[in-house]
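Residue numbers (the working numbering): 353 to 670.
Beta carbons: idealized from backbone N, C-alpha and C, even for Gly.
First comes the structure, then the notes that go with it.
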């Protein structure tokens, strides 16, 4: 393939998705590799380049990882890879390598989405140029925001998924009380993530006096959507409601009148279940601030590769 300019990668806890872009940002090639098959990020990147076999070696690269970006030596939150940004850049023969938090990349993609790349949930209309909130359950829970200035959009990097989860009703209080026996800190990520679905299912089952079965996040989602298991259905409903609570908190904290976007790998797969869930009601129900939150729209991101869009935007900013 000719015209290769950039190597981009979205590294999760399980899989590493790589891609090659030309100078205009057009995706030339992409492939997903399992993280467990490679001992280092550099090894995985080299394996991808051998598969892609670009005619032109990429000049620059941008990588999104789950975890805080605090210097040159980085360690991922949900995977044992540790690497040096400068060392990886030099080893891969790149002139420039930028590494950002995975949710910074997801956030930077938001202004580039078309109407076909998002699904509106509930009412409200965005205010152009205002702050945008971004939250996304996947292996973990990513949280970010976008602020517009003279130089364009800036993504806020943080670890908002690890804020303390609060209950809204007695049922949630009982669930969180059980989870506090298991975890020293019950963060939002403990209930609003893939493993969070399993945690909710297990807690709700025990509250009914039964021992939970061994299930995966996909099991809970599947049986919750089709209603074939009452505990899974309640767990999935509580997951959506709690996501609404935390998304509403994010909107209040940021003043996100530009809207709040739901990214990540779980919610887009829930379809009508999510649209019918308590998510939007929970988002708005903030007592005296209901009238403030009501006009703020909420969207589900349906684009298949939002991180690649965001990484291209990061590279373009220089």
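Quick check on the DSSP output: the beta strand (DSSP E) that includes residue i runs from which residue to which?
i           : result
residue 472 : 470 to 473
residue 667 : Here residue 667 belongs to no beta strand (DSSP E); instead the alpha helix (DSSP H) covers 658 to 668.
Throw me the rounded Cβ distance for the residue i and residue j pair, which I believe falls under 8 Å.
i           : j           : result
residue 591 : residue 552 : 6 Å
residue 493 : residue 513 : 3 Å
residue 545 : residue 491 : 7 Å
residue 397 : residue 449 : The Cβ separation is near 10 Å, so there is no contact.
residue 576 : residue 585 : 5 Å
residue 573 : residue 618 : 7 Å
residue 456 : residue 509 : 5 Å
residue 645 : residue 635 : 6 Å
residue 650 : residue 632 : 6 Å
residue 593 : residue 629 : 7 Å
residue 372 : residue 359 : 6 Å
residue 612 : residue 648 : 6 Å
residue 603 : residue 460 : So it is not a contact: roughly 19 Å between Cβ atoms.
Let's test the definition: count the other Cβ atoms within 10 Å of the Cβ of residue i and tell me whether it reaches 16, buried, or not, exposed.
i           : result
residue 447 : exposed
residue 362 : buried
residue 384 : exposed
residue 537 : exposed
residue 668 : exposed
residue 389 : exposed
residue 489 : buried
residue 403 : exposed
residue 378 : exposed
residue 480 : exposed
residue 595 : buried
On the DSSP letters alone, give me the boundaries of the alpha helix (DSSP H) that residue i sits inside.
i           : result
residue 524 : 522 to 534
residue 492 : Looking at the DSSP string, residue 492 is not in any alpha helix (DSSP H), and its letter there is neither H nor E.
residue 430 : Taken as a continuous stretch (DSSP letters only), residue 430 belongs to no alpha helix (DSSP H), as it is neither H nor E.
residue 375 : From DSSP, residue 375 is part of no alpha helix (DSSP H); its letter is neither H nor E.
residue 557 : 546 to 559
residue 396 : 393 to 404
residue 440 : 437 to 443
So who's on the other strand from residue i, going by DSSP bridges?
i           : result
residue 412 : 358 and 448
residue 422 : Residue 422 is not bridged to any residue.
residue 566 : Its beta-bridge partners do not exist; DSSP assigns none.
residue 370 : 361 and 383
residue 597 : Per DSSP, none; premise fails for residue 597.
residue 652 : 471 and 614
residue 508 : 497
residue 462 : Per DSSP, none; premise fails for residue 462.
residue 539 : 516
Please state whether the Cβ-Cβ distance between residue i and residue j is less than 8 Å.
i           : j           : result
residue 465 : residue 652 : no
residue 416 : residue 658 : no
residue 454 : residue 437 : no
residue 588 : residue 549 : yes
residue 484 : residue 608 : yes
residue 610 : residue 482 : yes
From the beta carbon of residue i, is the nearest beta carbon of chain B less than 8 Å away?
i           : result
residue 522 : The structure shown has no chain B; it contains just one protein chain.
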